[in-house]
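Here the structure is laid out as structure tokens; the discussion comes afterwards.
Protein chains in written order, with our numbering: chain R, 32 to 448; chain E, 9 to 309.
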């Protein structure tokens with residue numbers, strides 16, 4: 032059994048929280064005491080049934096206002112998979128939350144209200160999915176019950192959506208499903224109300240969608256997080272480089288290069304706690320031992336010598352600004368790239384994207400939720416890959432050292448000169 | 009980033025180890041909050057996987073309400089002996105003796121709320137800048153929105169509106185002096201995941217997790233262990249029942265469930281079929297719909 036992480040995009044009115052509530056409810060993932068809390072709560076649907084949206088509205092401020100402010104994580108499991116849902120708010124003022132939810136997702140569910148069809152925010156949500164490189168997209172055309180479960184309505188919306196996909200909006204794998212989250216149509220079971228729909232129910236699709244071959248390179252990368260040195264009598268010379276393999280595979284006897292220093296050595300031994308496997312691959316937390324005693328510390332990256340990453344101080348990147356205080360190009364920020372922390376300045380703003388129309392605009396400023404292309408300069412040379420080839424080694428955050436807040440998300444797009 | 013060649017428990021484990029190593033790499037003086045419950049026992053196991061054969065780069069910290077299940081303390085001391093790691097205990101009784109908190113009175117009196125003060129004092133006394141805890145997002149709806157690195161201000165308060173965005177697997181542990189970070193490496197685990205992991209790793213647990221005979225009374229619809237720490241009167245009828253505990257907390261607020269499950273396989277089967285969530289067995293969450301949110305804002309675990 033493996034894990035599928037997905038996030039949902041859509042506004043309150045699209046019934047996003049209801050959809051998630053419905054998935055949890057219909058997969059029997061709501062427990063008796065939570066259900067009891069729901070039933071005693073004051074919020075009900077018009078017909079007196081339980082308002083499933085309450086399940087994901089965690090904070091009191093949100094319940095009072097009936098909106099989702101923050102990313103809420105929900106979990107459920109079927110016999111086939113464990114699911115992690117990032118429930119994110121859909122309004123434009125919460126773009127940063129959606130970017131956050133999308134950053135770790137394998138799949139995005141974008142909701143379209145059948146009554147309204149493709150609207151501005153559909154484009155915005157789709158753009159964010161494409162920007163963050165989420166591998167799979169499910170377009171749920173919701174509230175089909177309010178459009179008499181009409182095939183024509185559904186087809187018109189899917190055609191309209193497909194016509195939007197262009198060079199500005201590249202999505203790899205898009206699936207359309209007509210649903211009613213409120214009534215439960217095509218969520219877990221196929222609906223008798225839409226016999227014309229021949230595809231899978233949403234849950235069926237989520238359980239079976241192929242998630243191998245994710246957007247990751249085969250190049251072996253491991254940032255060093257911590258050096259294990261027991262310094263005891265019997266383990267006097269023990270020196271293990273601890274980290275999580277970002278991508279690719281490391282094998283015993285592989286030649287590896289340490290960046291940014293450029294020194295190289297050979298893997299002597301691999302440890303995963305009390306086991307010593309011959310090879311380890313992406314996703315695993317491991318300890319590597321090298322044949323030569325070279326100076327390696329936290330922030331360094333071990334890579335396969337046959338496939339070196341980009342190495343530069345100037346990088347062209349997409350930036351999503353996440354702080355109330357606008358970006359200030361006269362300020363030195365901190366950049367965190369995996370375990371590496373270095374100083375960073377924004378050298379140049381190339382353009383900003385109008386995320387409702389996808390047009391590129393000239394701008395001198397970057398405010399909360401703005402997204403666009405910039406050139407950054409880092410104090411130390413970074414060893415990175417392009418985001419399109421290796422998400423984990425092609426992304427970074429910006430930290431404002433005055434507030435220590437995370438203020439920007441960076442996706443590396445090209446080496447700049 | 010993952011290619012899905014990892015089993016779900018392997019993936020959860022690898023993520024938790026990554027988070028623990030980030031704590032070691034980013035902070036000067038971290039600590040692991042150890043309650044004696046299965047979640048913090050799981051954290052200890054994960055810390056062994058992250059740092060052995062080296063020592064843990066942090067001590068274990070236990071906030072002792074004085075109202076413990078004896079089995080938990082026995083387990084704790086044996087575990088610390090086996091690990092050879094440092095244990096620091098903060099006593100709620102000391103906070104009471106020093107007049108920093110006042111013991112609750114009445115039938116539902118519990119020391120659960122008092123331990124927040126002892127925890128904050130212990131953090132301040134030792135200057136901890138990061139405290140690793142075993143909270144999970146599936147436990148409760150306020151926790152569902154908390155970050156893995158969750159910043160607390162000088163007063164230990166969590167501000168849900170000022171949470172930092174947490175992107176990819178990058179954790180921002182930068183803080184100002186006086187602030188600290190609560191770190192939750194098993195945020196993405198469910199109760200069932202924890203039990204399946206305990207089974208896979210063949211971990212020992214305090215015996216109160218398994219079905220045993222115990223004197224109990226019924227309080228607010230829940231089964232409580234009869235103990236000197238519970239204010240009982242004539243109305244309370246003591247009954248000897250076969251029970252087990254799903255969480256380990258203060259004796260005055262941790263409820264038992266009737267159960268015959270005395271083996272881990274039986275417990276997993278029971279949980280899979282269960283219709284009461286784990287925190288439902290804790291009286292302290294029942295006070296209001298926003299109970300946990302309020303406690304977390306005040307500096308609770």
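Backbone N, C-alpha and C define an ideal beta-carbon position, used for all residues, glycine too.
These numbers were taken from a predicted model, which means no experiment stands behind them.
Simplified DSSP assignment, three categories, for residue i
{"i": "residue 254 of chain R", "result": "strand"}
{"i": "residue 373 of chain R", "result": "strand"}
{"i": "residue 322 of chain R", "result": "coil"}
{"i": "residue 108 of chain R", "result": "strand"}
{"i": "residue 476 of chain R", "result": "In the structure as shown, chain R begins at 32 and stops at 448. Residue 476 of chain R is therefore absent and cannot be evaluated."}
{"i": "residue 58 of chain R", "result": "coil"}
{"i": "residue 368 of chain R", "result": "strand"}
{"i": "residue 302 of chain R", "result": "strand"}
{"i": "residue 422 of chain R", "result": "helix"}
{"i": "residue 215 of chain R", "result": "coil"}
{"i": "residue 406 of chain R", "result": "strand"}
{"i": "residue 260 of chain R", "result": "coil"}
{"i": "residue 352 of chain R", "result": "strand"}
{"i": "residue 428 of chain R", "result": "strand"}
{"i": "residue 25 of chain E", "result": "helix"}
{"i": "residue 328 of chain R", "result": "coil"}
{"i": "residue 119 of chain R", "result": "coil"}
{"i": "residue 398 of chain R", "result": "coil"}
{"i": "residue 359 of chain R", "result": "coil"}
{"i": "residue 272 of chain R", "result": "strand"}
{"i": "residue 347 of chain R", "result": "strand"}
{"i": "residue 228 of chain E", "result": "coil"}
{"i": "residue 18 of chain E", "result": "helix"}
{"i": "residue 201 of chain E", "result": "helix"}
{"i": "residue 187 of chain E", "result": "coil"}
{"i": "residue 240 of chain R", "result": "coil"}
{"i": "residue 316 of chain R", "result": "strand"}
{"i": "residue 440 of chain R", "result": "strand"}
{"i": "residue 289 of chain R", "result": "strand"}
{"i": "residue 413 of chain R", "result": "strand"}
Residue environment, residue i, which counts as buried when at least 16 other CB atoms sit within 10 Å
{"i": "residue 428 of chain R", "result": "buried"}
{"i": "residue 262 of chain R", "result": "exposed"}
{"i": "residue 153 of chain R", "result": "buried"}
{"i": "residue 196 of chain E", "result": "buried"}
{"i": "residue 424 of chain R", "result": "buried"}
{"i": "residue 323 of chain R", "result": "exposed"}
{"i": "residue 8 of chain E", "result": "Nothing in the structure corresponds to residue 8 of chain E, since chain E is present only between 9 and 309."}
{"i": "residue 54 of chain E", "result": "buried"}
{"i": "residue 89 of chain E", "result": "exposed"}
{"i": "residue 26 of chain E", "result": "buried"}
{"i": "residue 295 of chain E", "result": "Low confidence applies here, because residue 295 of chain E scores a pLDDT of 46, under 50, leaving its location unreliable; read the following figure in that light. Exposed, since its Cβ has fewer than 16 Cβ neighbours within 10 Å."}
{"i": "residue 184 of chain E", "result": "exposed"}
CB of residue i within 8 Å of CB of residue j, strictly
{"i": "residue 29 of chain E", "j": "residue 256 of chain R", "result": "yes"}
{"i": "residue 344 of chain E", "j": "residue 132 of chain E", "result": "Chain E is shown only over 9 to 309; residue 344 of chain E falls outside these bounds and no answer can be derived."}
{"i": "residue 420 of chain R", "j": "residue 343 of chain R", "result": "no"}
{"i": "residue 408 of chain R", "j": "residue 378 of chain R", "result": "yes"}
{"i": "residue 354 of chain R", "j": "residue 438 of chain R", "result": "yes"}
{"i": "residue 254 of chain R", "j": "residue 332 of chain R", "result": "yes"}
{"i": "residue 387 of chain R", "j": "residue 155 of chain R", "result": "yes"}
{"i": "residue 400 of chain R", "j": "residue 392 of chain R", "result": "no"}
{"i": "residue 39 of chain R", "j": "residue 188 of chain R", "result": "no"}
{"i": "residue 254 of chain E", "j": "residue 436 of chain R", "result": "no"}
{"i": "residue 216 of chain E", "j": "residue 144 of chain E", "result": "no"}
Interface residues of chain C facing residue i [CB-CB closer than 7 Å]
{"i": "residue 113 of chain R", "result": "The structure shown has no chain C; the protein chains it does contain are R and E."}
Cβ distance (whole Å) where residue i is taken to contact residue j below 8 Å
{"i": "residue 62 of chain E", "j": "residue 259 of chain R", "result": "4 Å"}
{"i": "residue 68 of chain E", "j": "residue 93 of chain E", "result": "6 Å"}
{"i": "residue 205 of chain R", "j": "residue 218 of chain R", "result": "19 Å between Cβ atoms; not a contact."}
{"i": "residue 165 of chain R", "j": "residue 133 of chain R", "result": "6 Å"}
{"i": "residue 258 of chain E", "j": "residue 73 of chain E", "result": "4 Å"}
{"i": "residue 376 of chain R", "j": "residue 363 of chain R", "result": "6 Å"}
{"i": "residue 153 of chain E", "j": "residue 168 of chain E", "result": "6 Å"}
{"i": "residue 126 of chain E", "j": "residue 256 of chain E", "result": "Rounded, the Cβ-Cβ distance is 17 Å, inconsistent with contact."}
Give, in chain order, every unbroken run of the beta strand (DSSP E) that is at least 3 residues long and sits entirely within the stretch 125 to 201 of chain R.
-> 138 to 144 and 167 to 173
In chain order, which beta strand (DSSP E) runs of at least 3 residues are fully inside the stretch 113 to 172 of chain E?
-> 138 to 140 and 157 to 160
Could you pull out every unbroken alpha helix (DSSP H) segment of at least 4 residues lying fully inside the stretch 41 to 122 of chain E, listed in chain order?
-> 46 to 59, 78 to 91 and 100 to 105
Uninterrupted beta strand (DSSP E) stretches inside the stretch 235 to 279 of chain E (no shorter than 3 residues) = 247 to 253 and 263 to 266
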